[in-house]
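These notes concern the structure reproduced below.
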Amino acid sequence: MKVKNQILRALFLILSISLAISAVNAQTESTESSKSNPKQEVKKTNNNAQMSDIWYVIHNRRSVRSFKPDPIPDPKIKKIIDAARMAPTSGNQQPWKFLVIRDKKLINQMMEACVNESLSRYGANPSSETKEQYEQKVRKALSTGYFSAPVFIVVLTDNNSKYPDYNHWDGPLAAGYMMLAARALGYGTVFITDAISESVTKEVLQIPDNYTRVCITPLGVPVKWPATPPKKNLNEMISYDKL
Ligand SMILES: Cc1cc2nc3c(=O)[nH]c(=O)nc-3n(C[C@H](O)[C@H](O)[C@H](O)COP(=O)(O)O)c2cc1C
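Using my numbering, you'd call the opening residue of the sequence shown number 172 and step up by one each time.
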């Protein structure tokens with residue numbers, strides 16, 4: 172009887188230890204798989220602590236083209252630009268200026284200038300719509316699109332910087348940092364080049380000639396975060412040792 176009890180106790184101990192080991196293994200596996208596959212992490216991610224996870228932010232930044240009117244507190248705008256300030260630059264020259272537009276009047280003026288620019292292209296393609304119909308269509312698309320944002324940021328580089336030939340690298344890097352920082356705070360951006368032309372931006376905002384516009388981005392709470400557009404497979408882009 173005594174021997175039987177000892178055997179049972181030993182079996183119970185072995186069972187307990189193996190259960191504990193498999194629990195630890197399962198935990199380790201789930202941590203490792205979420206590390207190697209940020210998408211898995213995304214599914215679990217919903218609170219602010221995880222929002223600041225760099226992998227989450229990188230995978231979930233999207234170009235946003237429709238915004239809620241919610242205002243953006245100034246400290247948040249500053250925080251976003253502060254992130255851009257940390258981007259690398261050639262010889263640490265930091266040739267940037269960030270022009271923040273919050274004035275609704277200026278935002279409307281930019282939109283009107285975009286409408287006029289579009290109207291100047293009316294008739295370029297054969298269409299049955301009248302000029303008025305075309306204008307209405309453009310105005311609606313712009314007002315519910317980019318220009319629904321409460322804030323715009325123009326990223327500029329100074330042509331008189333220390334190494335102006337390097338500005339075309341330094342500028343977009345800052346814009347990229349800025350867009351990721353905005354995403355981390357729950358705001359959408361889009362790196363706009365042609366949709367709001369440089370001439371419209373410079374004219375309406377009276378930007379001096381010695382600045383080159385890198386891009387302009389609306390900034391705001393997205394009406395909806397867009398789905399990820401098709402991204403090329405990682406393996407198509409990576410080569411090891413030889414291209
Ligand atoms: C150099 C550059 C120029 C762009 N110009 C515009 C633009 O004029 N209008 C626009 O809506 N999006 C513009 N985009 C945004 C791209 O369309 C967008 O990044 C791309 O479709 C991938 O989508 P994602 O940013 O959500 O990953 C531009 C992006 C870059 C990098």
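Glycine included, C-beta positions come from ideal geometry on N, C-alpha and C.
Report, in whole angstroms, the separation of the C-beta atoms of residue i and residue j, which I expect to be a contact under 8 angstroms.
i: Phe269; j: Gly359; result: Not confirmed; about 17 angstroms, so no contact.
i: Ser266; j: Asp365; result: The residue you asked about is not Ser; residue 266 is Pro in the sequence shown. No, Pro266 and Asp365 are not in contact; Cβ-Cβ is about 23 angstroms, not under 8 angstroms.
i: Leu351; j: Ile229; result: 7 angstroms
i: Thr399; j: Arg233; result: 7 angstroms
i: Pro389; j: Val361; result: 7 angstroms
i: Glu303; j: Ser368; result: No, Glu303 and Ser368 are not in contact; Cβ-Cβ is about 23 angstroms, not under 8 angstroms.
How many angstroms separate the CA atom of residue i from the CA atom of residue j?
i: Val322; j: Tyr411; result: 43 angstroms
i: Pro240; j: Lys373; result: 25 angstroms
i: Cys386; j: Leu290; result: 23 angstroms
i: Asn296; j: Val309; result: 15 angstroms
i: Asp329; j: Pro335; result: 7 angstroms
i: Gly391; j: Ile243; result: 7 angstroms
i: Lys333; j: His339; result: 13 angstroms
i: Asn231; j: Pro246; result: 23 angstroms
i: Thr199; j: Ile225; result: Model confidence at Thr199 stands at a pLDDT of 30, short of 50, so the residue's coordinates are unreliable; what they give is reported in the following sentence. Rounded to whole angstroms, Thr199 to Ile225 spans 21 angstroms at the Cα level.
i: Ile252; j: Gln307; result: 35 angstroms
i: Lys413; j: Tyr337; result: 28 angstroms
i: Asp274; j: Pro343; result: 25 angstroms
i: Lys311; j: Pro401; result: 27 angstroms
i: Ala258; j: Lys250; result: 13 angstroms
i: Lys403; j: Ala320; result: 30 angstroms
i: Met408; j: Trp396; result: 26 angstroms
Can you list, in chain order, the residues of its chain whose CB lies under 6 angstroms from that of residue i, leaving out five sequence neighbours each side?
i: Tyr305; result: Tyr293
i: Asn331; result: Asn381
i: Thr260; result: Asp341
Enumerate in chain order the residues of its own chain whose CB-to-CB distance from residue i is below 8 angstroms, with the five nearest sequence positions on each side excluded.
i: Leu376; result: Leu270, Ile272, Leu277, Met281, Val325
i: Ser223; result: Ala355
i: Ala255; result: Trp267, Phe269, Val326, Ala345, Ala346, Tyr348, Met349, Ala352
i: Gly316; result: Arg236, Ser237
i: Ser298; result: Tyr305
i: Pro379; result: none
Below 7 angstroms CB to CB, which residues in the same chain sit around residue i once its five sequence neighbours on both sides are set aside?
i: Leu313; result: Met282, Cys285, Val286
Subject >> alpha helix (DSSP H) runs contained entirely in the segment 306-350, provided each spans 4 or more residues >> reply: With a minimum length of 4 residues, no continuous alpha helix (DSSP H) run stays inside the segment 306-350.
Original post:
Which whole runs of the alpha helix (DSSP H) in the segment 232-296 are 4 residues long or more, in chain order?
Top reply: Within the segment 232-296, the complete alpha helix (DSSP H) segments of 4 residues or longer fall at 245-256, 275-290, listed in chain order.
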